[in-house]
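Written below as structure tokens is the structure these notes are about.
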Amino acid sequence: NGTTLWELQQEARQRIEREGIPAKYNGPSAWQVGLYRQYLRLRDGIVNMAIALYNGTIGSFWASLGSPMPYHHTTLPPNTPRIVDTLMRVHGYQLLLDGFFNADPHGGNFMLLPDGRIGLIDFGATKKLTRNERLSACLLYAALARNDSDMLFAMCDVGGYKSKYGNRHVLMKLILFGYDSWGKDVMEGKNIQEFIDELKREDPWEEVPDNLVMAQFMSIRLRSLALGMNHPVKCSTYWGPIAEDILKREGHPYESWNRDKLVQYKPELSMQKMTW
9 NGTTLWELQQ EARQRIEREG IPAKYNGPSA WQVGLYRQYL RLRDGIVNMA IALYNGTIGS
69 FWASLGSPMP YHHTTLPPNT PRIVDTLMRV HGYQLLLDGF FNADPHGGNF MLLPDGRIGL
129 IDFGATKKLT RNERLSACLL YAALARNDSD MLFAMCDVGG YKSKYGNRHV LMKLILFGYD
189 SWGKDVMEGK NIQEFIDELK REDPWEEVPD NLVMAQFMSI RLRSLALGMN HPVKCSTYWG
249 PIAEDILKRE GHPYESWNRD KLVQYKPELS MQKMTW
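The sequence shown runs 9 to 284 under my numbering.
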């Protein structure tokens, strides 16, 4: 009898409440979904050939008395993995290569076109980065993909981040949550309010650079969009390799970065002071 949209939503909500948000999608690949779509088209083609043969022969007599046998057209499922992959890569290149990106990529700003392409609309909330800010974003996502906590902590130190106790566990959680993932490996089954409140109690942050806050907002929007399509993502999975390639092409491979180079290429900081 199939499953209604409401039942599917309830099932997904209960699974998230029970297990937490998974870190990454673990379902059929874009290639597998594409193959299934091709199978459905082929099946329709074979069935419709038989229907055409019937309508043109013995069915023509019955058609004269009424209507011919209708052709079969299966509604194809969207290739969600391909859609998500395209959206993540497009916005990764906007951020890391162009340094000019749409910071508000919610579902209403995309159009799935009849030929399978994706239309991007409404660039009302855009952000342009300086070169040093863009290099910082590249380094951030390369470090996240490598799980290089030392580089991430060095970036935060040079970038002016300050907290009451200097708790690196809290800082790492904030970086992952803000820029990369809110999977259960990060949030440990807590909801957003519980997660943030607990980190704030452990080590309240006092001064935070906001140069990449719009990149953070874009990351959160894309993760929300992908989760709504039942395809949770980690941004660094997509953007880490792009960042590494750009750093290498611009003469600043990841391995060349140390504290002195972070200071040399530090962007002009815009700091926010917190009062709790």
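Just so it is clear, CB atoms sit at the ideal spot from N, CA and C, and this is done for glycine as well.
Given residue i, which residues of its chain have a CB within under 7 Å of its CB, disregarding the five upstream and five downstream residues?
i: Lys136; result: Gly107 and Phe108
i: Gly115; result: Leu233 and Gly236
Is DSSP giving residue i helix, strand or coil here?
i: Thr88; result: helix
i: Lys136; result: strand
i: Leu120; result: strand
i: Arg204; result: For clarity, residue 204 is Ile in the given sequence; the question names Arg instead. Three-state DSSP puts Ile204 in a helix.
i: Phe161; result: helix
i: Pro277; result: Here residue 277 is Leu; the residue named in the question, Pro, does not match the sequence. Coil at Leu277, not helix or strand.
i: Phe131; result: coil
i: Pro249; result: helix
i: Glu141; result: helix
i: Trp39; result: helix
i: Val241; result: coil
i: Lys198; result: coil
i: Glu1; result: Nothing about residue 1 can be read from this structure; the chain reaches only from 9 to 284.
i: Ser189; result: coil
i: Trp265; result: coil
i: Ile228; result: helix
i: Lys170; result: strand
i: Ile66; result: coil
From residue i to residue j, what distance separates their C-alpha atoms?
i: Val92; j: Pro249; result: 17 Å
i: Asp112; j: Leu220; result: 14 Å
i: Arg8; j: Leu152; result: Look at the range of the chain in this structure, 9 to 284, and you will see that residue 8 is not part of it.
i: Glu258; j: Val271; result: 18 Å
i: Ser278; j: Trp265; result: 22 Å
i: Gly127; j: Leu121; result: 7 Å
i: Glu214; j: Phe185; result: 18 Å
i: Lys198; j: Ile204; result: 9 Å
i: Gln40; j: Asn34; result: 13 Å
i: Arg154; j: Tyr173; result: 26 Å
i: Asp123; j: Leu61; result: 29 Å
i: Arg125; j: Thr134; result: 22 Å
i: Leu103; j: Phe225; result: 12 Å
i: Gln46; j: Ile54; result: 12 Å
i: Glu196; j: His177; result: 13 Å
i: Ala162; j: Gly42; result: 43 Å
Mind checking whether residue i and residue j have CB atoms under 8 Å apart?
i: Asn110; j: Tyr79; result: no
i: Cys243; j: Tyr101; result: no
i: Leu179; j: Ser171; result: yes
i: Tyr262; j: Leu143; result: no
i: Met282; j: Val216; result: yes
i: Lys32; j: Val241; result: yes
i: Leu84; j: Leu48; result: yes
i: Ala223; j: Ala145; result: yes
i: Asp130; j: Thr82; result: no
i: Glu210; j: Asn238; result: no
i: Leu182; j: Leu207; result: yes
i: Pro36; j: Asn140; result: no
Can you give me the Cβ contacts of residue i inside the same chain, cut-off strictly under 8 Å, excluding the 5 residues immediately before and after it?
i: Ala38; result: Asn87, Pro89, Arg90 and Asp93
i: Gln22; result: none
i: Gly132; result: Asp112
i: Tyr246; result: Asp93, Met96, Arg97 and Gly100
Counting only the same chain and skipping the five closest in sequence on each side, list residues whose C-beta sits under 6 Å from that of residue i.
i: Leu105; result: Ile254
i: Asp156; result: none
i: Ser227; result: Tyr187 and Cys243
Classify residue i: buried if its beta carbon has 16 or more other beta carbons within 10 angstroms, exposed otherwise.
i: Glu252; result: buried
i: Arg229; result: buried
i: Trp284; result: exposed
i: Leu160; result: buried
i: Arg231; result: buried
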